[in-house]
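In our numbering, the protein residues as written are 37 to 219. Yeah, the Cβ is synthetic: ideal placement off N, Cα and C, and Gly gets one too. What follows is a set of notes on a single structure, which appears directly below.
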């Protein structure tokens with residue numbers, strides 16, 4: 037009865053990035069695959085339901101543990117990306133249940149914030165340098181991915197989720213790699 041529905045959506049609803057500035061939640065849907073289409077359709081169901089709800093458009097989630105690099109990175113080397121720390125994505129979801137929200141914060145881009153803004157090549161170079169792989173070995177997809185830089189528009193102020201800046205993520209990741217190597 038008094039519960040809020042928090043819908044975990046995705047920045048993929050915006051479609052492929054065109055690097056035309058920060059993406060705002062007012063940008064029209066432009067889904068280009070089944071995943072993005074179902075997220076956009078589900079958002080509309082939630083927003084039109086009449087329920088107390090919020091929609092969180094979550095960017096790519098970076099997990100501070102060693103993972104095998106993908107065969108192909110899901111973005112271009114020069115593409116702007118702004119990922120979000122795993123714990124911060126969780127913080128946003130948990131906070132969304134009880135936070136004081138107004139009409140402007142019912143749909144939020146959940147992203148890492150200024151320290152997470154970089155190009156795909158910068159992100160990959162940081163990761164590859166930690167695991168002692170030449171960044172020139174990276175393989176990227178041939179078309180833009182579903183990533184860009186995102187306008188905050190009060191989302192972090194309302195939800196208070198951004199608690200892990202990118203340098204801290206790198207320290208956490210290096211700590212996990214060091215732990216595995218000492219293993």
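C-alpha distance - residue i paired with residue j, whole-angstrom precision
i           : j           : result
residue 207 : residue 140 : 34 angstroms
residue 41  : residue 92  : 11 angstroms
residue 53  : residue 168 : 30 angstroms
residue 68  : residue 191 : 25 angstroms
residue 179 : residue 116 : 13 angstroms
residue 213 : residue 129 : 28 angstroms
residue 202 : residue 182 : 20 angstroms
residue 152 : residue 185 : 9 angstroms
residue 137 : residue 88  : 10 angstroms
residue 76  : residue 65  : 7 angstroms
residue 56  : residue 189 : 17 angstroms
residue 164 : residue 58  : 27 angstroms
residue 166 : residue 104 : 12 angstroms
residue 127 : residue 211 : 22 angstroms
residue 217 : residue 102 : 11 angstroms
Close beta carbons around residue i, own chain, < 8 angstroms, minus the five adjacent residues each side
i           : result
residue 99  : 122
residue 114 : 155, 156, 157
residue 97  : 119, 120, 121, 122, 125
residue 85  : 41
residue 187 : 58, 59, 60, 61, 145
Residue i: CB within 7 angstroms of a non-hydrogen atom of the ligand NAD
i           : result
residue 121 : This structure lacks the ligand NAD, and indeed carries no ligand of any kind.
Residues near residue i by beta carbon distance below 7 angstroms, same chain, minus five either side
i           : result
residue 135 : 194, 195
residue 160 : 109, 171, 174
residue 131 : 195, 196, 197
residue 70  : none
Own chain, CB closer than 6 angstroms to residue i, minus 5 neighbours either side, in chain order
i           : result
residue 79  : 45, 91
residue 149 : 198
residue 72  : 48, 49
residue 143 : 61, 91
Where residue i falls, given that 16 or more other Cβ within 10 Å makes a residue buried
i           : result
residue 118 : buried
residue 62  : exposed
residue 81  : exposed
residue 39  : exposed
residue 219 : exposed
For residue j and residue i, believed in contact at Cβ under 8 angstroms, the rounded distance
i           : j           : result
residue 49  : residue 107 : The pair is not a contact, with the Cβ atoms about 26 angstroms apart (cut-off 8 angstroms).
residue 110 : residue 177 : 6 angstroms
residue 146 : residue 94  : 4 angstroms
Practice item. Could you name each continuous beta strand (DSSP E) segment of 3 residues or more that falls completely within the region 51 to 114, going from the start of the chain to the end? Key: Fully enclosed beta strand (DSSP E) runs of 3 or longer: 89 to 94.
Exercise for review: Pick out the complete alpha helix (DSSP H) segments inside the region 128 to 188, 4 residues or longer, and give them in chain order.
Suggested key: Here the runs fully enclosed are 156 to 166.
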